[in-house]
Amino acid sequence: MSKRRSSTVIENPDKRIRSDAEAEEEEDDKEEEEEEDIADRDHHRDVPQRCAGDVVSDAGILESITLKNFMCHSLLGPFAFGSNVNFVVGNNGSGKSAILTALIVALGGNAHATNRGSSLKDFVKEGESSADVSITLRNKGKDAFKLEVYGPLITVEMRITRDGLRTYKLRSKDGQIISTKKEELISILDNFNIQVNNPVSVLTQEMSKHFLHSKGEGDKYKFFMKATQLEQMRETFVYIKATKQATQHKIEQQNEHLKRLREDYKREEERYKSLASVDEIQTKLEELQKEMAWALVSELEHNLEPKKEKLEADRRSTQKYDEKVNEWKSKVEEAEKKYKQTEEDLERITQQVQELQPKCVELKTEAQRRNNLLKSCEVTVHRCKANLRDLDKDKVQLFTRIKDLKVSFSQSTGAESQARAERMSQIQAELENLNHQNSTLVQQIEQYGMANIRTREEQGKVRMEHETIKKSIEASSRNLRILESSRSNRLRRFGEHMPNLLDAIEVAHRRGQFKHKPRGPLGYLISLKDSELALAVEICLKNQLHAFTCDNYEDEKVLQDLMKKCYPSGRRPSIITSPFFPKVHDTRRRAVNHPEFPSVLQALEIEDPVVANCLIDQRGIESILLIKNNTQARKVMLGKNPPRNCTQAFSKEGDQIYTNRVYSADQTRANCLSGDVEEEIRLTQRELENQKAQEFRFQQQMKKLENEIKQNEILIKKCQMTQKSTKDKMTKLQLELTDLQNIEEPQSEDLKALEEDLQEVIAKISSKQAEYDEAKDQMSKLKENYEEAEQEYKQHKESINTLIEEADSVKEDLSKTDQEVVRCKHHTKHYEEKRSAHLKNIQSLEAELRSKEEELQESAAKAAQICPERLDACRPAKSLDSEINRMKVKIATQQEQQGDRSEIVRQFVKARESYKSMSQQIRNLNSFIYSLTSVMNKRLQAYTEFRKFFSARCKYYFNSMLAQRGYSGSMIFDHKNETLSITVQPGQGNTADLSDMRSLSGGERSFSTVCFVLSLWAITEAPFRCLDEFDVYMVRRSNQQFQLHEY
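Here the sequence shown is numbered in UniProt numbering, starting from 1 and rising by one per residue.
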């Protein structure tokens, strides 16, 4: 343990040492300041004088205790205690803690408070039927309890049975049983201020350990509140407040009862006043009945007029319903006619494609056949070239042999013949070399030409792909701009002009330019329950996502004008005009209802009924299924029993499946309905980067192909010029060779044979050269034929692709027309149902009108019987009926009670007295509540004063005890947050900073804690205090000071 600095001698130990932090707190907290003022005033009092001046009472001091069969002890005691400090010592298990436990239990404490058992029956020794505890308390002095009854000693005997039952016997000094009730024991404990559950009065082993090791400021504050009984005071205040609220509630109930009593009183008072003659009331009743009869006739006539007017209006509006039904029927016929025409166009295009398919296959087969012939011819050309190379080798060998022979022969023929022979050999060698060069140049020219053809074809393909990727980059860039702008405004997903358009619509609506505010874009007003279906729903709704809907054509015209201003160029959103209805259409009869898969209507969350009705009318979303798995979707729709009322289905990938055909999706990602904008932006950016990389590769590839074409053309021209020069040289050398050969020279037989062989080889070379040229010409023709067949095949294929694209467009028109047919049929059915309901309403009104007229005739006849002359009613029949009933009741009551006048008076007096009595009780209770509120306010003020006073005294005693060891410290009470902060410094006076108790050593912390407990002892009163054990960390000097100071 590190050494601490020794404290300096303090001249005035009673002086309060305050740190700067405490001074700042005092300035900030008014209550803390008042507590310090109280503590400063207490500083002037000398501690020894204070202790000497205290008045000590003998009431409640523990005299002795005896335990029998308690816990594990057969008999302990009796233990007689002295007036001062008593120490109970012994080995472990000898029963020291049992004495304290028995004291707590015998004086009314529960088992949990002892921390020795969970139930009282746990304290009965094993094998015994009961446990007994006897406690003797001193009963002397001014606080003695019933001294004349108990005498100077009170003995409390408690018995605990094996079942956990506890019984008491309260005996006097003479041993006489005075009481066996626990309430008497509680009165004794309250009188002596004995608190066995207060840790300051009785500190058990577990409670001491918990307290010594507790570092929480809240626990210290709770300990302070419980020790000073402020907690009990607060709980009592809360109980009284709850009782007050219950009393107020009871007063409210009594007020309700008072109202009923007042009604009874008024009713009895009315009866009391109605003891006059009944004739006058009877006469008035007859007059009212006559007036009532004709008032009913007038009301019937009055109620009949609106029904007649409504019936006439409904009859006139029937023609409008007929016109609407006929209008939509004609639209259905037009739409079905258009659908049929579009279907015929699709079938015609499909038939054309089917007719062109065999021809396409035939052209492809012919192109392949010509390609095979071309390849075969190429083989022949290569074979001829190989034969020519072999013959050239033979020719070279023969030339060499002839040359050798001529050399040997020239030795005999002379220098001239030798020179001529050498020249001829030289010319033949040059001719052979030039011929080989010429063949090589021809082959190179062909190769360069074929390479150019292939390069140009590849260049055309790359150019088309480059144009395609450029369009894709433009679309991706545009989509990326829309997505980025939709981060702050989701509307921009539907176009960059959409926010301006909606603002213009809002302004126009506020100005009253619209009868009904248009709704749109429809895709902005819907949301998905399952985000995985975004692509499917987007492909299903297509153009409807950007569309607007109007209630009437006037609103449509206004909206078109706004669109012209907001969309100066480009495609504008479509407008759907259909009457708005406040409720969603009832689609139960025509909607698809699958147990596994939702319809589009079920998969969407649509708050506006107008939007839902528009999508139902335009797209029939109630009859379209959404099936995530493509295979399962095909299985459901293309099977034998497709779902009832299901017109089509969409898979998660966007494929559209009908009951007899399937269309693949033309997009891979949702643009308008996707939920995660950031993910869409990342995917679009990645896609745009890939497209730009592809564009760069295509540009590099096109440059490379262009350079290859230019290089090949340069090489072809170079080879052609070289070939021309070579042919010129060959012609000159051939003429020279012919001249030299015409000179006759004697030759040997071998030379002639070799020359004949040479001529034969030359002839073969010429023959093979002719065959090679012929094969080459044939290859050129076959190549032209192949290219012609290939071109015809491509043109035919292009025609088929054109027809397929046209078919796709027709399919889209067919889908739109199908939707239009469904919409028109829906409107037709809707108006037919409305017309049917309208006609039923007319019939109902007619029947009701006939019934009312008959009722009017009957009422008029009855009124004439009551009063032949018609009277003009000034009041409504309901008011007259109420007055008549009241008079009848009054007459009947008076007639029934006319013979017993005294009973009426008695009931009246009784009701009046009950009413007055209850009213007086409520006034008394209200006065009590008022007085109780005043008392509670004073009690709350007293509680605050007590808490402030106890806090100040506790601080004073705590600092005084710390000062005896040369310690300094502070206690900060935060009554608002219910915390108690203690800081202690074992250093010398103001020279050391205060520190939290957690930074102190074990002994210092224990001493500080004991000082805190002693401070609580000093400000609380109790006849005795019990400690189970001392702190094992307390140093010897601290023990001595603690004992000497207290005793």
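Note that the Cβ used here is the ideal one computed from N, Cα and C, for glycine as well.
Check: Work out the CA separation of Tyr943 and Ala39 for me, nearest whole Å.; Outcome: For Ala39, the pLDDT reaches just 49, beneath the cut-off of 50, and the residue's location in the model is therefore unreliable, leaving the point undetermined.
Check: Can Pro152 and Lys140 be called in contact, C-beta distance under 8 Å?; Outcome: yes
Check: Output the distance between the C-alpha atoms of Asn91 and Ala111, rounded to the nearest integer angstrom.; Outcome: 24 Å
Check: Taking C-alpha atoms, which residue in Lys717, Pro643, Asp872 and Gly620 lies nearest to Cys824?; Outcome: Gly620
Check: Whole angstroms are fine: how far does the CA of Val984 sit from the CA of residue 1055?; Outcome: With the chain represented from 1 up to 1047, any question about residue 1055 goes unanswered, as that position is not in the structure.
Check: Note the first and the last residue of the continuous alpha helix (DSSP H) segment covering Lys220.; Outcome: Glu217 to Ala227
Check: Return yes when the Cβ of Tyr239 is within less than 8 Å of the Cβ of Glu978, no when it is not.; Outcome: no
Check: Taking 8 Å as the threshold, find out whether the region 859-872 comes into contact with the region 289-300 through three or more Cβ pairs.; Outcome: yes
Check: Compare the beta carbon distance of Gln513 and Ile576 with 8 Å and say whether it is the shorter of the two.; Outcome: no
Check: Please specify which runs of the beta strand (DSSP E), each continuous and at least 3 residues long, are wholly inside the region 925-998, giving them in chain order.; Outcome: 968-974 and 979-985
Check: In this structure, what does DSSP give as the bridge partners for Lys68?; Outcome: Leu75 and Asp132
Check: Can you say whether Gly53 is buried or exposed, counting buried as having 16 or more other CB atoms within 10 angstroms of its CB?; Outcome: Legend: pLDDT at Gly53 = 38, less than 50; position of this residue unreliable, no value from coordinates given.
Check: Since Ile177 contacts Lys169 with CB under 8 Å, what's their CB separation in whole angstroms?; Outcome: 5 Å
Check: According to the neighbour-count rule (16 or more other Cβ atoms, all chains shown, within 10 Å of its Cβ), is Asn198 buried or exposed?; Outcome: buried
Check: With distances taken Cα to Cα, identify the nearest neighbour of Lys284 among Phe949, Gly969, Met887 and Tyr915.; Outcome: Met887
Check: Would you give the residue range spanned by the alpha helix (DSSP H) that Ile61 belongs to?; Outcome: Element bounds for Ile61: n/a, residue is neither H nor E.
Check: Sorted by chain position, which residues of the same chain lie with C-beta nearer than 7 Å to Leu871's C-beta, five sequence neighbours on each side aside?; Outcome: Lys290, Glu291 and Trp294
Check: Considering just the uninterrupted stretch of the beta strand (DSSP E) at Cys550, what are its terminal residues?; Outcome: Phe548 to Cys550
Check: List in chain order: all unbroken alpha helix (DSSP H) runs of 4+ residues lying wholly within the region 122-186.; Outcome: 147-150
Check: Whose C-alpha, out of Leu67, Ile714 and Lys209, is nearest the C-alpha of Leu103?; Outcome: Leu67
Check: Taking only runs that begin and end inside the region 473-530, name each unbroken beta strand (DSSP E) of 3 or more residues, in chain order.; Outcome: 526-528
Check: Run the CB neighbour count on Leu962, radius 10 Å, all protein chains shown included, and call it buried at 16 or more, exposed below.; Outcome: buried
Check: How long is the line joining the alpha carbons of Glu790 and Asp777, rounded to whole angstroms?; Outcome: 20 Å
Check: From Asp808 to Ser439, what does the alpha carbon distance come to, in whole angstroms?; Outcome: 55 Å
Check: With H, G and I counted as helix, E and B as strand and the rest as coil, what does DSSP make of Glu24?; Outcome: Residue placement at Glu24 cannot be trusted, given a pLDDT of 36 that sits under 50; what the coordinates show is reported in the next sentence. In this structure, Glu24 counts as helix in the three-state DSSP scheme.
Check: So, helix, strand or coil for residue 1076, using DSSP?; Outcome: Within the shown structure, residues of the chain are numbered from 1 to 1047, placing residue 1076 beyond reach of any answer.
Check: Which runs of the beta strand (DSSP E) spanning at least 3 residues fall entirely within the region 790-855, listed in chain order?; Outcome: none
Check: In terms of residue numbering, what span does the alpha helix (DSSP H) encompassing Leu604 cover?; Outcome: Counting along the chain, Leu604 falls outside any alpha helix (DSSP H), though it belongs to the beta strand (DSSP E) covering Leu604 to Ile606.
Check: Helix, strand or coil for Gln656 per DSSP?; Outcome: strand
Check: Using CA coordinates, which residue listed in Lys250, Leu782 and Ile473 is at the minimum distance from Glu366?; Outcome: Leu782
Check: Alpha helix (DSSP H) containing Ile616: first to last residue?; Outcome: Pro609 to Arg619
Check: Can you check which of these residues, Leu502, Lys359, Leu107 and Arg116, is closest to Lys96 by C-alpha distance?; Outcome: Arg116
Check: Tell me which residues share the same chain as Leu1016 and place their Cβ nearer than 6 Å to its Cβ, disregarding the 5 neighbours each side in the sequence.; Outcome: Val200 and Ala227
Check: Strictly by DSSP, which residues pair up with Leu1027?; Outcome: Leu203
Check: Rounded to the nearest angstrom, what separates residue 1048 and Thr738 at their Cα positions?; Outcome: Past the edges of the chain, shown from 1 to 1047, lies residue 1048, and the structure says nothing about it.
Check: Using a Cβ-Cβ cutoff of less than 6 Å, which residues in the same chain neighbour Ile539 once the five nearest sequence positions on both sides are dropped?; Outcome: Gly654 and Ala665
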